[in-house]
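One structure is given here, and the rest of the page talks about it.
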């Protein structure tokens, strides 16, 4: 049981654009066009607040787009266009209807300086800081409020949150500590000493202020 640990994915900032001055007025949904991903919910949120929403991903968009002229579909895009869309969006919508194990795309949006509006369960409860890097919601009323107030979230705070907690260097410390603890347990077990230790920072997080 002492060998089990959860270590999150690392995000490479060089793979994403950050241009806060290039923000546009659209919301963005990017992912599989499945009901459990909350595509219809995302479209409904945008409709209720009078915003355009771009729907990007594989699937059958027709049943989601019918009667929703504010929603525009794009098939899966290349790396460069993906970076552009993600960095220029006013908000990234992730109203996932199941327990998302991690939600890597939410971190990709935040490193791009784009706030996230998501459900309040699964991985999002860990990687989206409510009121600082986006809003986590449980009802349509909450989603609508979040969409209407998304301009209160600052792009630089979104980016700093990911840089400070999910960068390669940050996640590297977690892997190093974990593998060292496995080695220690295999040697002296629970009481194995490590006199050279000078910190215990592997679980430390940096929160927005």
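In my numbering, the protein residues as written are 1 to 209. Note that beta-carbon positions come from the ideal geometry of N, C-alpha and C, so glycine has one too. Computed from a prediction, not measured in an experiment: that's the story for all the values here.
Check, Outcome
"Whole runs of the alpha helix (DSSP H) within the segment 49 to 132, excluding any shorter than 4 residues", "62 to 65, 79 to 88, 104 to 111, 124 to 127"
"Of the residues 34, 43, 65, the one placed nearest residue 58, counting alpha carbons only", "34"
"As assigned by DSSP and simplified to three states, the class of residue 185", "helix"
"The segment 20 to 33 / the segment 84 to 96 touching (three or more Cβ pairs under 8 Å)", "yes"
"Member of 106, 66, 81 whose CA lies at the smallest distance from the CA of residue 37", "106"
"Entirely enclosed alpha helix (DSSP H) segments - the segment 5 to 52, minimum 4 residues", "39 to 49"
"Proximal residues to residue 202 (C-beta, below 8 Å), its chain only, five neighbours per side dropped", "173, 174, 176, 177, 178"
"Start-end ranges of the beta strand (DSSP E) lying completely within the segment 134 to 161, minimum 3 residues", "134 to 137"
"Backbone CA spacing between residue 6 and residue 170 [nearest angstrom]", "14 Å"
"Residue of 208, 47, 17 minimising C-alpha distance to residue 67", "47"
"Rounded C-alpha distance that separates residue 133 from residue 155", "8 Å"
"Which listed residue (97, 101, 16, 144) has its alpha carbon closest to that of residue 78", "16"
"Residue 50 versus residue 43 - alpha carbon distance", "10 Å"
"Spatial neighbours of residue 146 in its chain, beta-carbon cut-off 7 Å, leaving aside the 5 residues before and after", "117, 135, 137"
"Residues of its chain near residue 157, where Cβ-Cβ distance is below 7 Å and the 5 sequence neighbours each way are ignored", "132, 133, 208"
"Coil, strand or helix - residue 202 by DSSP", "coil"
"Where residue 100 falls, given that 16 or more other Cβ within 10 Å makes a residue buried", "buried"
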